[in-house]
Every structure is written in C-alpha cells, then in structure tokens.
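Asks: Encoded as structure tokens, here's the structure I'll be asking about.
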Amino acid sequence: PDTVGAAVYAASREIQQGIPPAIIANNIESDQQSVKDTYQQLKAELNLDIDPPTSTEYLSHICQELDLTEEVTMTAETILDGYHAGGNPVGIAAAAVYVGSNKEGNELTLREAAEATGLTKETIWRQASKIRDANTECETS
12 PDTVGAAVYA ASREIQQGIP PAIIANNIES DQQSVKDTYQ QLKAELNLDI DPPTSTEYLS
72 HICQELDLTE EVTMTAETIL DGYHAGGNPV GIAAAAVYVG SNKEGNELTL REAAEATGLT
132 KETIWRQASK IRDANTECET S
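As structure tokens, this is what we get:
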C-alpha cells in the first residue's frame with residue numbers, strides 16, 4: 012500500500028495539486044512517514060524531477076475537501092503571495108485557507124481544517140497566528 016500511496020502523492024505533486032501525505036496514508040491505512048519514505052525512494056529510483064512542495068499547491072485539494080468556494084481559494088492564494096515563513100507547507104496552506112475562509116465570511120473551524128489535512132488544530136492555529144502577524148506587519152508598513 013505504501014507504494015500506491017507514494018505514487019498518488021508523486022502524481023499529485025507532479026501536477027501541483029498536492030494531496031497531504033497524512034490524508035493519503037489514512038486512506039491506504041498506513042502511516043504518513045512510510046508514505047513519505049516510499050515517495051523519496053520512488054522519486055530517486057525513477058529520477059522524478061519534483062521540486063520541494065509549496066503551500067499553494069495544497070490549496071486546491073484543501074478547499075475541495077472542505078467544499079469551499081473559488082473565492083476562498085483565491086483569497087488564500089493572495090494571503091500566501093509573498094508570505095515566506097518556514098514550516099510544514101500543508102499546515103501553512105491550511106492556515107491560509109482558514110484565515111481566507113473566515114475573511115470571506117465562512118465559519119470554517121480549526122477542527123474542520125485539521126480533519127481535511129490530517130494535521131492538528133493546534134498546528135493550524137499556530138500557522139494562522141503567524142499569517143495574521145505577518146499581514147498586520149505589512150499593513151502597518
């Protein structure tokens with residue numbers, strides 16, 4: 012199952028529509044690290060030229076999973092445009108969706124965002140706080 016999960020992850024990354032590894036692992040009843048390790052082996056053996064993941068490539072999947080509008084996706088993209096903070100790209104994307112969704116008048120909860128990505132709501136809350144702080148700094152500059 013890990014090879015199938017790794018292949019799905021590689022394919023989703025190749026088309027820049029990343030599916031979070033935790034979601035793939037959950038669906039194949041494996042663990043996230045096994046999927047990631049197998050992906051790395053697959054990438055090396057097949058000489059796949061896939062750049063490191065960016066937060067924006069996960070937006071589409073997260074918004075679809077949460078049944079959010081295209082406006083939320085675009086708002087999240089705008090939030091991420093120029094945002095350069097380290098961390099898990101899936102968590103950063105989920106936080107941007109959370110902030111963007113609420114900005115668009117939707118009442119997305121941290122729990123819903125966490126379930127859509129396989130992360131904890133605390134991870135998303137932390138990243139959302141960083142995004143809000145960065146946006147506040149930009150507005151006061």
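Heads up: the sequence shown runs through residues 12 to 152, numbered per this note's numbering. From the three backbone atoms N, C-alpha and C, an ideal C-beta is built for every residue, glycine too.
#1: Could you give the residue range of the alpha helix (DSSP H) that holds Asn37?
#2: For the alpha helix (DSSP H) that contains Pro100, what are its first and last residues?
#3: Would you identify the three-state DSSP class for Tyr94, choosing helix, strand or coil?
#4: Measuring straight from C-alpha to C-alpha, what distance separates Pro31 and Asn38?
#5: Tell me, please, whether the region 48–57 touches the region 81–92 by the rule of three or more beta-carbon pairs shorter than 8 Å.
#6: For Lys132, I'd like the list of residues in its chain whose CB is within less than 6 Å of its CB, leaving aside the five on either flank, ordered along the chain.
#7: Could you please give the first and the last residue of the uninterrupted alpha helix (DSSP H) stretch that includes Thr80?
#8: Please identify the residue among Thr65, Leu77, Gly111 and His95 whose C-alpha is closest to the C-alpha of Val101.
#9: Beta carbon of Ala105, beta carbon of Leu130: below 8 Å?
#10: For Asn113, which residues from the same chain have a beta carbon less than 7 Å from its beta carbon, with the 5 sequence-adjacent residues on both sides left out?
#11: Just the Cα atoms here: how many angstroms apart are Ala127 and Thr14?
#12: Any idea what DSSP makes of Val15, helix, strand or coil?
Replies: Taking the definition as stated:
#1: Counting from 1 along the sequence shown, the entry for residue 37 is found at position 26. Where Asn37 is concerned, the enclosing alpha helix (DSSP H) stretches over Pro32 to Asn38.
#2: To locate residue 100, count along the sequence shown from 1; it is residue 89. First-last of the alpha helix (DSSP H) with Pro100: Pro100 to Lys114.
#3: The residue you call residue 94 lines up with position 83 of the sequence shown. Note: Tyr94 maps to coil in three-state DSSP.
#4: Along the sequence shown, read from residue 1 onward, the residue named residue 31 stands at position 20. Along the sequence shown, read from residue 1 onward, the residue named residue 38 stands at position 27. Cα to Cα, the separation comes out at about 11 Å.
#5: no
#6: If you number the sequence shown from 1, residue 132 lands on position 121. Hits under 6 Å: Leu121, Arg122 and Ala125.
#7: Counting from 1 along the sequence shown, the entry for residue 80 is found at position 69. Note, Thr80: premise wrong, no alpha helix (DSSP H); not H, not E.
#8: As a first step, residue 101 must be located in the sequence shown, where it is residue number 90. Comparing Cα positions, the closest option is Thr65.
#9: Here the question's residue 105 lines up with position 94 in the sequence shown. Here the question's residue 130 lines up with position 119 in the sequence shown. Contact flag set, yes.
#10: Here residue 113 is taken as the residue at index 102 of the sequence shown, counted from 1. Excluding positions up to five away in sequence, the list reads Leu119.
#11: In the sequence shown, residue 127 corresponds to position 116, counting from 1. In the sequence shown, residue 14 corresponds to position 3, counting from 1. In a straight line, the C-alpha of Ala127 is about 22 Å away from that of Thr14.
#12: For the purposes of this step, residue 15 is identified with residue 4 of the sequence shown, where counting begins at 1. Here Val15 sits in helix by DSSP.
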